[in-house]
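A quick write-up on the structure given underneath.
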Amino acid sequence: MPHTEIDHRPQARLKMRIVFFQPDIPQNLGAAMRVAACFGAGMDIVEPCAFPLTDKKIRTAAMDYGAAISPTRHASWTAYQNSAEAAQGRLVLFTTAGAGEIWDFNFSADDRLLFGRESAGVPENVHESADERVRIPIREGMRSLNVTVTAAIALAEASRQLR
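For what it's worth, numbering that gives the first Met the number 0 labels the leading residue of the sequence shown as 0, then goes sequentially.
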């Protein structure tokens with residue numbers, strides 16, 4: 000069996016940020032923290048969440064990766080919109096109602112990738128705030144992907160494009 004060299008050089012940190020809008024499930028938020036940490040992306044949490052941000056389930060899902068990321072918390076959508084984090088790059092909403100497929104979308108290094116609530120997505124005013132709307136195509140008859148899986152797919156495709 001041929002020997003494969005592993006590239007141990009440090010990977011570049013993405014300037015990109017993932018934005019979770021009022022998450023419903025603590026385990027998903029913890030897993031998303033792990034995804035962001037692994038890709039080197041920043042993370043924003045728009046509150047209120049459906050659970051306390053001290054929930055043990057977040058720490059359990061994030062594992063030891065939680066120490067590698069410090070999400071920025073925003074008390075509301077308005078607070079997020081007025082933040083320094085929201086002043087940079089395009090706001091790209093991932094939605095089942097997205098106009099274009101992820102495979103045809105050209106990411107920019109400073110994009111902010113927005114993911115809605117597991118139970119309800121984002122309200123219309125948030126939808127309208129997005130600069131771009133993207134969807135990940137899935138098999139007909141399926142409702143949607145898990146929000147953390149969607150974030151991982153998005154960061155992986157963005158990283159592939161921007162490498």
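Built from N, CA and C at the ideal position, the CB exists for glycine as well. Keep in mind the model is a prediction, meaning the values are calculated, not measured.
Buried/exposed call for residue i, threshold 16 Cβ in 10 Å
{"i": "aspartate 109", "result": "exposed"}
{"i": "glycine 115", "result": "buried"}
{"i": "glutamate 100", "result": "exposed"}
{"i": "isoleucine 137", "result": "exposed"}
{"i": "proline 25", "result": "buried"}
{"i": "glycine 140", "result": "exposed"}
{"i": "threonine 53", "result": "exposed"}
{"i": "phenylalanine 19", "result": "buried"}
Local conformation of residue i per DSSP, three classes
{"i": "glutamate 123", "result": "helix"}
{"i": "alanine 85", "result": "helix"}
{"i": "alanine 49", "result": "coil"}
{"i": "serine 118", "result": "coil"}
{"i": "serine 128", "result": "helix"}
Cβ distance (whole Å) where residue i is taken to contact residue j below 8 Å
{"i": "histidine 126", "j": "leucine 92", "result": "6 Å"}
{"i": "asparagine 27", "j": "valine 133", "result": "Their Cβ separation, rounded to whole angstroms, is 19 Å, which puts asparagine 27 and valine 133 out of contact at 8 Å."}
{"i": "alanine 150", "j": "valine 34", "result": "6 Å"}
{"i": "glutamine 80", "j": "serine 128", "result": "7 Å"}
{"i": "aspartate 23", "j": "glutamate 84", "result": "Going by Cβ atoms, the distance from aspartate 23 to glutamate 84 rounds to 22 Å, so no, they are not a contact pair."}
Span of the beta strand (DSSP E) around residue i
{"i": "arginine 159", "result": "Arginine 159 -> not in any beta strand (DSSP E); alpha helix (DSSP H) instead, spanning 146–161."}
{"i": "phenylalanine 93", "result": "90–93"}
Check: residue i C-beta below 7 Å from any heavy atom of the ligand SAH
{"i": "threonine 149", "result": "As for the ligand SAH, it is missing from this structure, which has no ligand bound."}
Bounding residues of the alpha helix (DSSP H) (the contiguous stretch that carries residue i)
{"i": "leucine 28", "result": "25–38"}
Sheet register partners of residue i (DSSP bridge)
{"i": "isoleucine 17", "result": "Met42, Leu112"}
{"i": "glycine 99", "result": "Val133"}
{"i": "threonine 77", "result": "Paired residues: none, contrary to the question."}
{"i": "threonine 71", "result": "Asp43"}
is_contact[residue i, chain D] using C-beta, thresh 8 Å
{"i": "arginine 134", "result": "In the displayed structure, chain D is absent; only one protein chain is listed."}
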